[in-house]
Amino acid sequence: MPSPKSLAGRTAIILTVSDRCFAGTQTDLSGPALAHLLTQAGAQIIDALTLPDETAQLIPALHAAASRASLVLTTGGTGLAARDITPEATLAVCTRLVPGLAELIRQDGATRTPFAALSRGVSGIASNCLIINLPGSPEGAESSLRAVLPLLPHALDLLAGHTAHTRER
Amino acid sequence: MPSPKSLAGRTAIILTVSDRCFAGTQTDLSGPALAHLLTQAGAQIIDALTLPDETAQLIPALHAAASRASLVLTTGGTGLAARDITPEATLAVCTRLVPGLAELIRQDGATRTPFAALSRGVSGIASNCLIINLPGSPEGAESSLRAVLPLLPHALDLLAGHTAHTRER
Amino acid sequence: MPSPKSLAGRTAIILTVSDRCFAGTQTDLSGPALAHLLTQAGAQIIDALTLPDETAQLIPALHAAASRASLVLTTGGTGLAARDITPEATLAVCTRLVPGLAELIRQDGATRTPFAALSRGVSGIASNCLIINLPGSPEGAESSLRAVLPLLPHALDLLAGHTAHTRER
Chain A
1 MPSPKSLAGR TAIILTVSDR CFAGTQTDLS GPALAHLLTQ AGAQIIDALT
51 LPDETAQLIP ALHAAASRAS LVLTTGGTGL AARDITPEAT LAVCTRLVPG
101 LAELIRQDGA TRTPFAALSR GVSGIASNCL IINLPGSPEG AESSLRAVLP
151 LLPHALDLLA GHTAHTRER
Chain B
1 MPSPKSLAGR TAIILTVSDR CFAGTQTDLS GPALAHLLTQ AGAQIIDALT
51 LPDETAQLIP ALHAAASRAS LVLTTGGTGL AARDITPEAT LAVCTRLVPG
101 LAELIRQDGA TRTPFAALSR GVSGIASNCL IINLPGSPEG AESSLRAVLP
151 LLPHALDLLA GHTAHTRER
Chain C
1 MPSPKSLAGR TAIILTVSDR CFAGTQTDLS GPALAHLLTQ AGAQIIDALT
51 LPDETAQLIP ALHAAASRAS LVLTTGGTGL AARDITPEAT LAVCTRLVPG
101 LAELIRQDGA TRTPFAALSR GVSGIASNCL IINLPGSPEG AESSLRAVLP
151 LLPHALDLLA GHTAHTRER
């Protein structure tokens, strides 16, 4: 089991994607919950932003975040509502995909609700940064992050080229 | 558990994709089976068409169906045979994908046959309509629809913007 | 259970994708392990090549292999390291995807290591040939192939158009 400080030295940016949080009509509980978990794991949160459900704003924000941090978590905008475009924006930015993380997140979600199958989140790589879409609800976001957290230290080591080459399993 | 009338008010179109059914050399049992299930759930079947395994015909048919109904089910053409092009036509039409539904359908299929892993069906959104590729066999189509049916009322509510925003799980 | 000779009559090409194996600084154990398994199953290995982690070399090699054999297995380059580009090269070559095989491989991998979720391998079709990305480690490659092997005779029959049309499950 990874130590609590297993993301030590890693930088992270959290993007809360939500019209309502951006407009100030809803309090963002997911972003801070994710920041808390990541900080507990030793990561340095270098930024936490709130954006509306707008591709024109989310794509540049993802590009910028990926160039600054080694891990970018998004929360929100992964559902079926017409304005839920987080996965599309993420796909537009990523040069390589990590489908297994999205599958794992849906599997974890399925233990809590059958509607997890409707979550459209993706995960991928841009600028050697790992981008992971998490659900928008605080419980969903936190549970999903916990599900993938044990894999992140190794994932970020591989991305950064720091792991002695042992030919991935 | 959703009530039997949980798709009340929703319109659906069923597309049977099959050279043989289109040519009349094979009776379509899957389309009617799906129509029966959907009608039991309260949906209004506004059309049921049979098409050959031809991208040039299926793509326009999907576009047209997606503009008319809130749910489009396809049956057939999701296998490995050279003329199986339903997933490709569906990907060409969808602007947003719902990978979890396709995963769920394969998981359900795996309980019946190990060959379910060869099913290439996808699920996605076009014109705020949910398009789901189902297997071609009557048993596969019906079982797969039953697997996703409990999620459809909520899914279609989200697509139509009718759900009080509770931040998707 | 398929007979040990269930891939009789089928041609296969194995591509080991690895900078180190290509440079000769690492012995390829995965390629030979896969060749042994396939030969046991009755397939004819018509070629086994080693390539560097270079898209410019892997894409043409995949195109060429797909035009010569009915099954192409790649091993290596499916991880998160910056030079791991096997899935991207495979996606560039395939005209139709078989996501269920990649899901099955990750599920099999998960029984051996939680890091299987980081495996980015894909599976798809090019020139009526089935291309499957396997992990780079000998254990991962062999275990993954064993996981999909029972499906391959039927899969290759479907691709070759040899199966009496029974409407895929």
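Heads up: the protein sequence lines correspond to chains A, B and C, in order.
Each step along the first sequence adds one to the number in this note's numbering, with nothing skipped, and position 2 is 2.
Each step along the second sequence adds one to the number in this note's numbering, with nothing skipped, and position 16 is 16.
Each step along the third sequence adds one to the number in this note's numbering, with nothing skipped, and position 75 is 75.
Note that the Cβ used here is the ideal one computed from N, Cα and C, for glycine as well.
Quick caveat: nothing in here was measured; it's all calculated off a predicted structure.
With at least 16 other beta carbons inside 10 angstroms of its own, T75 (chain B) counts as buried.
Under the three-state reduction of DSSP, G124 (chain C) is assigned to strand. The DSSP-derived three-state label of I46 (chain C) is strand. The beta carbon of S144 (chain C) sits closer than 7 Å to the beta carbons of I105, D108, G109, L134 and P135 from its chain, once the five residues preceding and following it are set aside; these are given in chain order. Within 9 Å of the CB of E54 (chain A), no CB atom of chain B is found; the nearest one sits about 15 Å away.
Close CB contacts of T55 (chain A) within its chain, under the 7 Å cut and outside five residues either way in sequence, are with I85, E88 and A89 (chain order). Between S70 (chain A) and A126 (chain A), the CB-CB gap reaches or exceeds 8 Å. Comparing C-alpha distances from C129 (chain C) to each of C:P138, C:L38, C:D53 and C:L62 shows the shortest one belongs to C:L62. Note that the C-beta distance between G100 (chain A) and L118 (chain C) is below 8 Å.
Taking the Cα of P138 (chain A) as reference, the smallest distance to any Cα among A:S18, A:G9, A:L158 and A:A8 is reached at A:S18.
Considering only beta carbons, the part of the region 92 to 103 of chain C lying closer than 9 Å to chain B consists of T95, R96, L97, V98, P99, G100, L101 and E103, in chain order.
Beta-bridge partners assigned by DSSP to L15 (chain C): C:L49 and C:T74. For I59 (chain B), the uninterrupted alpha helix (DSSP H) segment begins and ends at T55 to R68. Judged by beta-carbon spacing, A141 (chain B) lies beyond the 8 Å limit of S6 (chain B), meaning their Cβ atoms are not closer than that value. Legend: CB atoms of the region 67 to 79 of chain C lying less than 8 Å from CB atoms of chain A belong to residues G76, T78 and G79. Sorting A:T27, A:T111, A:T95 and A:L73 by C-alpha distance to the C-alpha of G121 (chain A) places A:L73 at the top. R96 (chain C) is bridged by DSSP to C:I125. Straight-line spacing of the CA atoms in I14 (chain C) and A66 (chain C) works out to 11 Å. Residues of the region 123 to 143 of chain B that bring their beta carbon within less than 8 Å of a beta carbon in chain A comprise I125, N128 and L130, in sequence order. Annotation for T39 (chain C): the continuous alpha helix (DSSP H) segment containing it runs S30 to Q40. Residues of chain C whose Cβ lies closer than 8 Å to the Cβ of A61 (chain A) do not exist, since the nearest Cβ in that chain is about 23 Å away.
Contact of A155 (chain B) with chain A is assigned, a C-beta pair being separated by under 8 Å. Within chain B, the C-beta atoms nearer than 8 Å to that of R120 (chain A) come from R96, L97, V98, P99 and G100, in chain order. Residues of chain C whose Cβ lies closer than 7 Å to the Cβ of R106 (chain B) are, in chain order, G100 and E103. Interface flag for F115 (chain B) against chain C is set, since a Cβ pair is found closer than 8 Å. Inclusion of I45 (chain A) and A33 (chain A) in the CB contact set at 8 Å is not warranted, their separation being larger than that value. Under the Cβ distance rule, G9 (chain A) does not count among the residues neighbouring chain C, no pair being separated by less than 8 Å. For A89 (chain C), no Cβ of chain A is located within less than 8 Å of the residue's own Cβ.
Counting along the chain, the unbroken alpha helix (DSSP H) around D157 (chain B) starts and ends at L152 to A160. No Cβ-Cβ contact shorter than 8 Å links L38 (chain B) with A8 (chain B). Residue pairing by DSSP puts L130 (chain A) in a beta bridge opposite A:L71 and A:I125.
In this structure G24 (chain A) is exposed. Its beta-carbon is surrounded by fewer than 16 other beta-carbon atoms within 10 angstroms. Within its own chain, the residues whose Cβ lies closer than 7 Å to the Cβ of F22 (chain B), once the five positions on either side in sequence are excluded, are T50, L51 and P52, listed in chain order. With respect to the C-alpha of F115 (chain B), the residue from C:P114, C:V98, C:R112 and C:T111 having the closest C-alpha is C:V98.
Its chain contains I13 as the residues whose beta carbon lies nearer than 6 Å to that of D47 (chain A), once the 5 sequence neighbours on both sides are disregarded; these appear in chain order. Taking 9 Å as the Cβ-Cβ cut-off, the region 13 to 44 of chain B has no residue approaching chain A.
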